[in-house]
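The listed protein sequences correspond, in order, to chains A and B.
So for the first sequence, the numbering used here puts the first residue at 38; every next one is plus one.
So for the second sequence, the numbering used here puts the first residue at 1431; every next one is plus one.
Glycine included, C-beta positions come from ideal geometry on N, C-alpha and C.
Just so it is clear, the structure is predicted and the values come from calculations on it, not from any experiment.
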Amino acid sequence: MSFYESDPISDAPFLELPSFQYGAWGMPGTFRRNNYSLLEPARSFLWQNYAPVNWVIPRSAVLKQNTPAGVSALGQIEDRFQLPPKSWLLAWAGYSSNAAGFRFSIYDEGAQDYAISERWQNGSDTAVDTSSDSGSPHMLPEPYLVVSPGALQAKVVNLANAINDFQMVVYFAVPKGQGYGQGNISR
Amino acid sequence: MQFDYFGNQLNPQAFSARTGKYFNDYTLTANQLITNQSITLTGQEMYFAIMRLMSVQTGAFRVSVYTSTSERYQYGTQNATTDRVRNECYFGTAQRPAVLPVPIIIPGSSAIMMDLEDVSGGTNALHLVFEGARLFPLGK
């Protein structure tokens, strides 16, 4: 039984935000709720033994190598990140100061495949454009389990023919006890 | 199961959760970077779970959020960094405030810490809100 079908509900409605919900509040005649939250995939991680880890791409120090700060015209930035075993990729958020936006891909070395999809874009001219849906986070319909050894590669490409200040955050749930969630600043 | 920073199991069924907010105002001059800005919790709750981040600002800024428990949550590459991210990514927008897919749970005796950097090039007034659940032991 899902959270929405339980009566009374099994937990406080922490994930029920109108801006992340869709569907009617009741089915005629049945009074059955037909309303779902885009944050539903996060429910499994709400009170579990996971620590939040957020990967920032590109780093602000990289952006500051240009004046004004940003990625060079049509430039590409690559980054790499190592996660403990059994980590999950849950969501991402992006922002581009230039309307042309950026494309990105996240490659899972263990799976030898792309983690989210082949390529996504935060820009203005494709079917996978997300810039008109600004805000955060964009939840994956199903959390992605990062395959051992937990090494991810990211590529972000500036689609503007000018310096573009853009950044994205990739949200992970990482099992505690492996350097995260222990109050250890140096890991 | 949920464990606190000291390895003790934190069972949400053993707590009553009440929604709560912690917030503060900051003013940055053009391109100013201020570090170690803190919002100290009241300490009445045993834990505070940060679930949503909201902001009102007169200009864009970058932020790094961490806690007085010496825990950082933003990483720029391998190994921890003090990297900062655009406010649109971390605090969302007026229409869609940011939701942390995994809440940051910190003891009620700790503080929310921030490094703030103006990128608007002008004076920047910030109002930052951290919304979540205050966890009280049942019976308290």
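Boundaries of the beta strand (DSSP E) in which residue i is found, first to last residue
{"i": "Phe1560/B", "result": "1554-1567"}
{"i": "Asn1454/B", "result": "1445-1458"}
{"i": "Arg140/A", "result": "138-145"}
{"i": "Trp129/A", "result": "125-133"}
{"i": "Glu179/A", "result": "175-182"}
{"i": "Tyr1477/B", "result": "1477-1487"}
Exposed unless 16 or more other CB atoms sit within 10 angstroms - verdict on residue i
{"i": "Asp150/A", "result": "exposed"}
{"i": "Leu52/A", "result": "buried"}
{"i": "Glu1501/B", "result": "buried"}
{"i": "Ala61/A", "result": "exposed"}
{"i": "Asn1466/B", "result": "exposed"}
{"i": "Asn1514/B", "result": "First, the residue type needs correcting, since residue 1514/B is Arg and not Asn in the sequence shown. By the 10 Å Cβ count, Arg1514/B comes out buried."}
{"i": "Ala136/A", "result": "exposed"}
{"i": "Gln204/A", "result": "buried"}
{"i": "Pro1537/B", "result": "buried"}
{"i": "Glu1547/B", "result": "buried"}
{"i": "Arg117/A", "result": "exposed"}
{"i": "Asn1441/B", "result": "exposed"}
{"i": "Ala1444/B", "result": "exposed"}
{"i": "Glu1573/B", "result": "Here chain B has residues from 1431 to 1570 only, and residue 1573/B is not among them."}
{"i": "Arg1526/B", "result": "buried"}
{"i": "Leu1567/B", "result": "First, the residue type needs correcting, since residue 1567/B is Pro and not Leu in the sequence shown. Counting Cβ neighbours within 10 Å, Pro1567/B comes out exposed, since fewer than 16 surround it."}
{"i": "Ala1524/B", "result": "exposed"}
{"i": "Tyr87/A", "result": "buried"}
Sequence-distant residues of the same chain with beta carbon closer than 8 Å to residue i, five excluded per side
{"i": "Ala164/A", "result": "At Ala164/A the pLDDT is 48, less than 50, meaning the model places this residue with poor confidence and gives no usable figure here."}
{"i": "Ser223/A", "result": "With a pLDDT of only 35 at Ser223/A, under the threshold of 50, the placement of this residue in the model should not be trusted; the figure read from the coordinates follows. Answer for Ser223/A: no residue qualifies."}
{"i": "Phe1453/B", "result": "Ile1469, His1557, Leu1558, Val1559, Phe1560"}
{"i": "Pro121/A", "result": "Gly187, Val211, Pro212, Gln215, Gly216, Tyr217"}
{"i": "Leu100/A", "result": "Ala106, Gly107, Val108, Asp202, Gln204"}
{"i": "Gln58/A", "result": "Asn72, Tyr73, Ser74, Leu75"}
Other residues of its chain near residue i: CB distance less than 7 Å, five sequence neighbours each side excluded
{"i": "Met1481/B", "result": "Val1529, Leu1530, Pro1533, Glu1561, Gly1562, Ala1563"}
{"i": "Asn103/A", "result": "Ser109, Ile200"}
{"i": "Gly112/A", "result": "Asn195"}
{"i": "Gln1474/B", "result": "Gly1538"}
{"i": "Ser97/A", "result": "none"}
{"i": "Ser1446/B", "result": "Phe1566, Leu1568"}
Close-in-space but distant-in-sequence residues of the same chain around residue i (CB under 6 Å, 5 per side omitted)
{"i": "Thr1488/B", "result": "Asn1554, Ala1555"}
{"i": "Gly1522/B", "result": "Ala1528"}
{"i": "Ala199/A", "result": "Ala110"}
{"i": "Asn221/A", "result": "Only weak support is given to the placement of Asn221/A: the predicted model assigns it a pLDDT of 41, under 50, and the value that follows is read from those uncertain coordinates. Nothing meets the Cβ criterion."}
{"i": "Val1535/B", "result": "Per the sequence shown, residue 1535/B should be read as Ile rather than Val. Tyr1477, Ala1479."}
{"i": "Tyr144/A", "result": "Tyr151, Gln190"}
{"i": "Val206/A", "result": "Asn91, Val93, Ala130"}
N- and C-terminal bounds of the alpha helix (DSSP H) containing residue i
{"i": "Ser1468/B", "result": "Looking at the DSSP string, Ser1468/B is not in any alpha helix (DSSP H); the run it does join, the beta strand (DSSP E), is 1463-1470."}
{"i": "Ser97/A", "result": "97-100"}
{"i": "Glu1518/B", "result": "1517-1521"}
One or two residues paired with residue i in a DSSP bridge
{"i": "Val90/A", "result": "Phe209/A"}
{"i": "Thr1497/B", "result": "Glu1501/B, Ile1542/B"}
{"i": "Val193/A", "result": "Ile114/A, Phe141/A"}
{"i": "Ile1536/B", "result": "Phe1478/B"}
{"i": "Pro1527/B", "result": "Gly1522/B"}
{"i": "Glu53/A", "result": "Glu53/A pairs with nothing; no bridge assigned."}
{"i": "Ala188/A", "result": "Gln119/A"}
{"i": "Glu77/A", "result": "For Glu77/A, which the question treats as bridged, DSSP gives no partner whatsoever."}
{"i": "Val108/A", "result": "Asn201/A"}
{"i": "Val58/A", "result": "In the sequence as displayed, the identity of residue 58/A is Gln instead of Val. Bridge partners of Gln58/A: Ser74/A."}
{"i": "Tyr151/A", "result": "Tyr144/A"}
Residues from the stretch 1529-1542 of chain B in contact with chain A, defined by Cβ distance under 8 Å
Val1529, Leu1530, Pro1531, Val1532, Pro1533, Ile1534
Of the residues that make up the stretch 1552-1565 of chain B, which ones have a beta carbon closer than 9 Å to any beta carbon in chain A?
Gly1562, Ala1563
Chain B contacts from the stretch 76-96 of chain A (Cβ-Cβ distance under 9 Å)
Leu76, Pro78, Ala79, Phe82, Leu83, Trp84, Gln85, Asn86, Tyr87, Ala88, Pro89, Val90, Asn91, Trp92, Val93, Ile94, Pro95, Arg96
Short-range partners of chain A found in the stretch 1450-1463 of chain B, where Cβ spacing is below 8 Å
Using a CB distance below 8 Å, no part of the stretch 1450-1463 of chain B faces chain A.
Please list, in chain order, the residues of the stretch 114-134 of chain A that have any C-beta partner in chain B closer than 7 Å.
Asp116, Arg117, Phe118, Gln119, Leu127, Ala128, Ala130, Gly131, Tyr132
Below 7 Å between beta carbons is the criterion; list the residues of the stretch 184-214 of chain A that meet it against any residue of chain B, in chain order.
Gln204, Met205, Val206, Tyr208, Ala210, Lys213
If contact means a Cβ-Cβ distance below 7 Å, which residues of the stretch 1466-1500 of chain B contact chain A?
Met1481, Arg1492, Thr1499, Ser1500
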